[in-house]
Each structure stands twice: as structure tokens, then as C-alpha cells.
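If you read the sequences in order, they're chains E and Y.
Our numbering puts the first residue of the first sequence at 350, with every later residue one more than the last.
Our numbering puts the first residue of the second sequence at 55, with every later residue one more than the last.
All C-beta atoms, glycine included, are put in the ideal place defined by N, C-alpha and C.
Heads up, the thing below is written out as C-alpha cells.
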Amino acid sequence: MSKATRKVWLTFEGGCQDEPVIWKLSQEYPNVIFDIRQASIGKAIGIMALELSGKEKQLDKAIKFLQSNGVKVDPVEGGSLVEG
Amino acid sequence: MEMEPAMSYVKSLKSRESGQEYPIEPRTVCDIDFSPVEVAYDYKAMQGNVTRQSIEAGPLSLWRYKDLLPIEGEPKAGLHSGWTPLVKADKLAAELGVKELYIKDDSANYPSFSYKDRVVSVAITKAIEFGFDTVGCASTGNLAHSVAAHAAAAGLHTFVMVPHDLEAGKMVGMSVFGPKVVRIAGNYDDVNRLCSQIADKYNWAIVNVNLRPFYTEGAKTHGFEIAEQLGWKLPQHTVLPVAGGTILPKVNKAYKEFIRLGLVDDNSPVIHGAQAQGCNPITTAIEEGEEIFRPQKPKTIAKSIAIGNPADGYYVIKDILNSGGWAASATDPEIIDAIKLLARTQGIFTEPAGGTTLACAIKLIQSGKIPKDESICVCITGNGLKTLEVMENQFQAAPVIKAKIKEFDEVIVQGNNAAATA
């Protein structure tokens, strides 16, 4: 199984911004390396830029774990609508 | 008109957050912080060389601002784009009870009747400079129309990717130029993601994806023109539509560049945003005091600005608030009313995006966010003839009469419809 990297934007809202979701991720998937590139948190919503690296399958599971904890996950490129 | 070759003042691509610099290349985001990258210029070198006179000596197109655009050689597209009218809208001003009102009218832009001709002129020129032979875009209509037209003129292969349910009129408007139209079963988000993958896999220039830093710079020319056409000064208030978030930060950047170069006085220009009620993530964030917006699923007649997750939305909020501005939203009926008002008072027919901008400007005036005695510019970005279906059923069919003067007198002059016999 090859190593891979995923660049993602996480959006925390609807309560999950008050939960230590990233810590939970590190406990659940210790072999998925995460690198926080930037983050911003508001009153009701927070965003975080994350680079995840590890085995493909583990990355898929880690992203599903984040989603199941209420975090919206978008790829960095092509994840945001551009003007048309 | 032949333009003299000039040196480029472009320095690099720069991350908006960390300031990390990159060479001039097709690139969307910074590898370090994942923020959008932006073109950086050598403003020091421009001092004394980029002047009112040097600009006025240029062609009557957006390329008169070439020194402030990210191209290296001569323009390869859009030689007649830009330089649209700035209309002193006295009749509309009287209706709204304001002192000084202008309409920057990109419904008259060449060749595709929307502000998109500005960004596409720069993007296509850049695509040719980079050596691409195929260009494309993800579009809600106006962009596809413009890309198809400019690419046809430049002799490039063109793919335009659109949501499958695009209005029939817009489909015809882009197809006539001969691009490969790709209709995608999904919403705009799906179209955009696919475009990102296509750009990587096929090495094509997708103007609003991998050429985005260059493409967006073209929007500055809308702001440059406002300033120059106003007699080298800035309006106190500028109201702009917000879709993906290109034009508002770039008009703001244009004003700041002109101030920095000493071409206009710094009057602390205020920038306001306009969105449709059915797609207003930016207005909602500003009204709720949030710096981060929540993406929305669009539901509005203003389809050309129906982007629920704006790529540069964060910077729109920042620029509006830093300038002391605000944002408003308009309902579909308010958008229609504003389209009619602009047509009735100034003879300008805009699409729902323009109706949204005017309707929001009216709300900002009524709420006191825009004082009635200060100069205001409302930016109209598209032409109403491209979205005629929106105005269908808005007007009663005129009665048909026989070609007889008696019937004209009775039915038309005296208003007796029952007398119409044809």
C-alpha cells in the first residue's frame, strides 16, 4: 500500500467546533500524520487547512472519521466554488 | 492601435496569508498554507513610469492598464474589451433621493456583454504566453460565453464545463462560438471539482482554476476605469455583486494601486457587497459579525451570481469590513423591480446580477449605510438580453389593432382595449 498525501480544508460548525476532533483523530489513527497549515475560528464556525499523509486506506478512514464527527471535508484545490 | 512594448512590473505569485512567493506559473494555491496566491508587482519601479499620461496614451480598452496587469508581452486577446461606459445616472439618483450616482455599465462589454470579458482577456493572453493550446472553464454561463468567444478569436481549442440545467439562451450564446460544451449532471460544485482534475490530468488552462491568479487580476480594470472616467478620482461608495468573490477584492485592489501610485487622492473609498437573498453567504456572515462564511445551496433567479461557497469569500468579507462598508441581500421580486427601475430611468437593461446590485444599493441607501449626499457607483456586470426568460410574464401583451387611425385613437390613445378588433 503506497503512501499518499491529501490537502484538505476542514469546516467545523453545528457544535463540532467545541469538540477536540483533531485530538480524537490522532488517537484513532495514530499512523495518519496531520500537519496544520492554518486555522481560523469564529463564534459559530471554524476552518482549518490540514495536510494528511499516510497509507491510502488509512487516509480514507481518517476522512470518514472526521465527517462522522460532523466536520465538513473539502479538497484544497477544486473544493471551493469559483466564479463562473 | 499599435502598443509599444513595455517591461513587465510583475514580480511573483504570493500567498495572501504567509507571503510565500512563487515564480509566475499556472498555480492556484500556496503549498505551505493552502491560501490563494495573488500576483505581486514592483510598485517602486512603477513610480514615475505608470502615470495618468502613460495610461491616457494607451488604447481605449482594458489594455490601457497593461502595466498593472500580469502579462509579459503584448495582449493576445480582448483588444476591444473593457472601457465600458460610466453613466452619470441623474434620473435614477433623483428617484432614490441621492446626490451623485454613477452606473459602471459592463452590460456593454465586448464581445460577450458581461464583466467576464475583462478577466478572460487576461487569462487567454496568459494561457498563450504559457504555451497552452486548450482552454476551458467551469461556468454558470457568462464566463463560458466569454471564454468561448475569446478563445475562438485566438484560435484555441475550447472546452466549457457547465451544469446540465443551464438556461437555454446561455447554452446557445456559448455554443455558437464552437467550443466543446460539456454538460455535467450535477451542481456547480461538481463542475468545478471536475475542472480541477481535468486541469491536472490534461494540462489544459482552466481559466478560473489553474490560471485563477492571473484571471482575477483582469477584474481590476473595472475599478481602474471607474477612477479614470470619474476624472481621476474615486467614488466614495462602490457597490459590487459578490459571487465567487473575484470582482469586489480586485476593484478594491485597483483603488489601492491607484492611490499608491499617486494617480488618485485617497478618499478612503468604501466598498459594499450585494447578494441575492437565495444565495447570500457573505451578507449573512457580515450581518452576524462572522469573519468566516457558511456555504449555502443557492436558490435564486440571479443564477450568474449563485455561488454558495465563494472561493475568495473570506477576502470579500475582509475587504468590505476594512473599508467601512456593509453588505445587503435582495429577494427575487426586488431584483426584478431593480432591473425595471434601471431600464426605466437610465435605459440600461441588466441581468439579475445587476438587478441584485442595484436592489442592494437601494437597501444600503435606505438603511443609511450609504449616506445620500456622498458619491455612489453601482457596478452592473451583465446584460439583460442574456436572461430574457427572467423577465417573461412581467409585462402584459400589448393589444393588437387594425392598421386604422380610428382604432389607434380608441385603443391606444383613449385606452379602450375592448375596441381592439384585430
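Taking a beta-carbon distance threshold of 7 Å, Ser-250 (chain Y) counts as an interface residue toward chain E. If you ignore the 5 residues before and after Thr-179 (chain Y), its C-beta comes within less than 8 Å of the C-beta of Ile-125, Pro-129, Lys-130, Ala-131 and Gly-132, all in its own chain and listed in chain order. Taking the beta carbon of Val-83 (chain Y) as reference, the chain E residues within 7 Å of it are Val-425 and Glu-426, listed in sequence order. Residue-level contact by beta carbon fails for Ile-374 (chain Y) and chain E, as no gap is shorter than 7 Å. The beta carbon of Arg-172 (chain Y) sits closer than 8 Å to those of Leu-116, Gly-132, Ser-135, Gly-136, Asp-160, Asn-163, Gly-272, Ala-273, Thr-275 and His-276, all from its chain and outside the five residues before and after it, given in chain order. The DSSP assignment places complete alpha helix (DSSP H) segments of no fewer than 4 residues inside the stretch 134-176 of chain Y at 144-150, in order along the chain. Sequence-distant partners of Pro-323 (chain Y) (beyond 5 residues in either direction) whose C-beta falls short of 6 Å from its own C-beta, in its chain, are Leu-288 and Tyr-309.
Using a Cβ-Cβ distance cut-off of 8 Å, the stretch 421-432 of chain Y and the stretch 347-366 of chain Y are not in contact, since fewer than three pairs of beta carbons, one from each stretch, lie closer than that value. Residue Y:Met-215 holds the alpha-carbon nearest to the alpha-carbon of Ile-252 (chain Y) among Y:Gly-232, Y:Met-215, Y:Pro-233 and Y:Gly-316.
Distance between Gln-331 (chain Y) and Asn-376 (chain Y), taken at the CA atoms: about 23 Å.
Per DSSP, the beta bridge partners of Asn-437 (chain Y) are Y:Thr-404. Using a CB distance below 8 Å, the part of the stretch 84-97 of chain Y facing chain E consists of Ile-86, Asp-87, Phe-88 and Ser-89, ordered along the chain.
In terms of beta-carbon proximity, Ile-346 (chain Y) lines the interface with chain E, with at least one pair separated by less than 7 Å. Within its own chain, the residues whose Cβ lies closer than 8 Å to the Cβ of Ile-301 (chain Y), once the five positions on either side in sequence are excluded, are Tyr-169, Ala-273, His-276, Leu-294, Pro-295, Cys-433 and Thr-435, listed in chain order. The three-state reading of DSSP puts Ile-346 (chain Y) in coil, since its state is none of H, G, I, E or B. Glu-362: these are the residues of the stretch 362-377 of chain E whose beta carbon lies less than 7 Å from some beta carbon of chain Y, given in chain order. The beta carbon of Gly-298 (chain Y) sits closer than 7 Å to the beta carbons of Ile-361, Pro-364, Ala-365 and Asp-366 from its chain, once the five residues preceding and following it are set aside; these are given in chain order. Secondary structure note for Pro-295 (chain Y): it is in no alpha helix (DSSP H), and the uninterrupted beta strand (DSSP E) holding it is 291-295.
Look at Tyr-368 (chain Y) here: in three-state DSSP terms it is helix.
CA-to-CA, the gap between Pro-267 (chain Y) and Glu-92 (chain Y) works out to about 5 Å. In this structure, Y:Ala-407 is the residue among Y:Ser-66, Y:Asn-246 and Y:Ala-407 with its C-alpha nearest to the C-alpha of Thr-354 (chain Y). Identification of chain E residues near Glu-75 (chain Y) by a Cβ-Cβ cut-off of 7 Å yields none; the smallest Cβ-Cβ distance measures about 17 Å. Considering only Y:Phe-449, Y:Glu-279, Y:Phe-462 and Y:Gly-112, the residue with the shortest C-alpha distance to Pro-139 (chain Y) is Y:Glu-279. Excluding its 5 nearest sequence neighbours in each direction, Val-64 (chain Y) has C-beta neighbours in its own chain below 7 Å: Ile-78, Val-93, Tyr-95 and Pro-124, listed in chain order. Near chain Y, meaning a CB-to-CB distance below 7 Å, no residue of the stretch 407-423 of chain E qualifies. Taking the C-beta atoms as reference points, Lys-456 (chain Y) is found no nearer than 7 Å to Glu-405 (chain Y).
Membership of Leu-288 (chain Y) in any beta strand (DSSP E) is not indicated, and neither H nor E is assigned to it by DSSP. Around Lys-356 (chain E), the beta-carbon contacts reaching into chain Y at under 9 Å are Val-83, Asp-85 and Phe-88.
When secondary structure is reduced to three states using DSSP, His-276 (chain Y) falls in the helix class.
Taking 3 residues as the minimum length, the beta strand (DSSP E) runs contained wholly in the stretch 177-209 of chain Y are 188-192, in order along the chain. The shortest CA-to-CA distance from Glu-345 (chain Y) to any of E:Lys-406, E:Ala-398, E:Ser-417 and E:Gly-391 is the one to E:Gly-391. Listed along chain E, the residues sitting closer than 8 Å to Glu-71 (chain Y) by beta-carbon distance are Gln-387. Contact annotation, Leu-315 (chain Y) with Met-100 (chain Y): C-beta distance approximately 6 Å; criterion of less than 8 Å satisfied. For Ser-250 (chain Y), the secondary structure class from DSSP, reduced to helix, strand or coil, is helix.
Of the residues Y:Ala-239, Y:Glu-446, Y:Leu-412 and Y:Ile-393, the one whose Cα lies closest to the Cα of His-218 (chain Y) is Y:Ala-239. Taking every protein chain shown into account, the CB of Thr-360 (chain E) has 16 or more other CB atoms within 10 angstroms, so this residue is buried.
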